[in-house]
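These notes concern the structure reproduced below.
Residue numbers (my numbering): 5 to 263.
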């Protein structure tokens, strides 16, 4: 089992915002010399979107999908002071501290369901992944997939695990299936669902889930409005994912029926 090793880097240059993203992510340069797409803790869904992005991305990587390297990114207060755009200025101000970055895939293009190619096994894995993590945002309208070097890359998992916006009733989500899978952009190409589910079960087990969740920065789990402690939240994420994995045959049947 490959250990995940999440690097922490410092933002040294704010390059430009990505206006097509609802949460106004940005391309930034880090002190390692690389460019990243920075997801801000101060954006709409806040730190919970970063947690969903992180867990979803590392689970995708664990099942053999292409995912840009994820890094923790320190942002200091110097950038908001020199930013003329008031909206971005506020976003930078509210995002001081640890954020999440995805390695920038230069020259990548957004996956287009009408012209982009993807093999059946990859499509099936993405569909099952999104069923497991309750990702409501991988549709034809907003694919959250890239083509880079003639391969499919999975990005933007921030709309997953939507139960964590209301911790008081999170356990009611444990035995639910995922009817939204009917809108998935890759569903029609996912013709290897059974084979993909067998492979996923071989690649992801409880130790891997615990390892991923244990890497969530403590700071992201602290909120005055949440009723659970950071440790209780981590335990909840682990229980949610392991429960969904135990239901994988039901989720696969639901996706197959929706096809």
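Just so it is clear, CB atoms sit at the ideal spot from N, CA and C, and this is done for glycine as well.
Whole-number beta carbon distance between residue j and residue i, since they are thought to touch under 8 Å
i, j, result
"residue 189", "residue 143", "6 Å"
"residue 139", "residue 163", "6 Å"
"residue 46", "residue 82", "Rounded, the Cβ-Cβ distance is 15 Å, inconsistent with contact."
"residue 157", "residue 191", "Incorrect: roughly 19 Å between the Cβ atoms, too far for contact."
"residue 230", "residue 171", "6 Å"
"residue 29", "residue 7", "Residue 29 to residue 7, Cβ: 28 Å. No contact."
"residue 137", "residue 165", "6 Å"
"residue 217", "residue 238", "5 Å"
"residue 148", "residue 159", "6 Å"
Pairwise C-alpha distance: residue j and residue i
i, j, result
"residue 57", "residue 245", "14 Å"
"residue 40", "residue 107", "5 Å"
"residue 129", "residue 22", "28 Å"
"residue 219", "residue 10", "8 Å"
"residue 254", "residue 67", "19 Å"
"residue 201", "residue 175", "24 Å"
"residue 61", "residue 18", "23 Å"
"residue 86", "residue 14", "17 Å"
"residue 153", "residue 113", "10 Å"
"residue 5", "residue 135", "With a pLDDT of 48 at residue 5, under the threshold of 50, the modelled position of that residue is not reliable, and the figure given next carries that caveat. Going by the C-alpha atoms only, they are around 24 Å apart."
"residue 70", "residue 104", "18 Å"
"residue 161", "residue 88", "30 Å"
"residue 59", "residue 177", "17 Å"
"residue 16", "residue 32", "8 Å"
"residue 169", "residue 221", "18 Å"
"residue 55", "residue 249", "19 Å"
"residue 256", "residue 155", "24 Å"
"residue 228", "residue 196", "44 Å"
"residue 183", "residue 226", "31 Å"
"residue 90", "residue 51", "21 Å"
Delimiting residues of the alpha helix (DSSP H) encompassing residue i
i, result
"residue 189", "No alpha helix (DSSP H) contains residue 189, which DSSP labels as neither H nor E."
"residue 18", "Not the alpha helix (DSSP H): residue 18 falls in the beta strand (DSSP E), residues 12 to 21."
"residue 226", "From DSSP, residue 226 is part of no alpha helix (DSSP H); its letter is neither H nor E."
"residue 232", "Per DSSP, residue 232 belongs to no alpha helix (DSSP H) and is neither H nor E."
"residue 144", "From DSSP, residue 144 is part of no alpha helix (DSSP H); its letter is neither H nor E."
"residue 203", "197 to 207"
"residue 172", "Residue 172 -> no alpha helix (DSSP H), and no H or E assigned at all."
"residue 43", "That residue, residue 43, is in no alpha helix (DSSP H); its beta strand (DSSP E) goes 39 to 43."
Residue span of the beta strand (DSSP E) that contains residue i, given as start and end
i, result
"residue 77", "74 to 79"
"residue 95", "Note, residue 95: premise wrong, no beta strand (DSSP E); alpha helix (DSSP H) at 90 to 98."
"residue 105", "101 to 107"
"residue 34", "30 to 34"
"residue 7", "No beta strand (DSSP E) holds residue 7; DSSP gives it neither H nor E."
Residue i vs residue j beta-carbon contact at 8 Å
i, j, result
"residue 53", "residue 84", "no"
"residue 150", "residue 115", "yes"
"residue 242", "residue 204", "no"
"residue 194", "residue 127", "yes"
"residue 101", "residue 79", "yes"
"residue 258", "residue 181", "yes"
Quick one: any contact between the segment 254 to 262 and the segment 184 to 199, if contact means 3 or more CB pairs under 8 Å? The segment 254 to 262 vs the segment 184 to 199: in contact.
Would you say the segment 88 to 107 touches the segment 118 to 125, given that touching needs at least three Cβ pairs under 8 Å? The segment 88 to 107 makes no contact with the segment 118 to 125: fewer than 3 CB pairs, one atom from each, lie closer than 8 Å.
Taking 8 Å as the threshold, find out whether the segment 27 to 41 comes into contact with the segment 72 to 91 through three or more Cβ pairs. A contact between stretches requires three or more CB pairs, one per stretch, nearer than 8 Å, and the segment 27 to 41 meets this requirement with the segment 72 to 91.
If you pair each beta-carbon of the segment 141 to 157 with each one of the segment 209 to 218, do three or more pairs fall below 8 Å? Touching, no.
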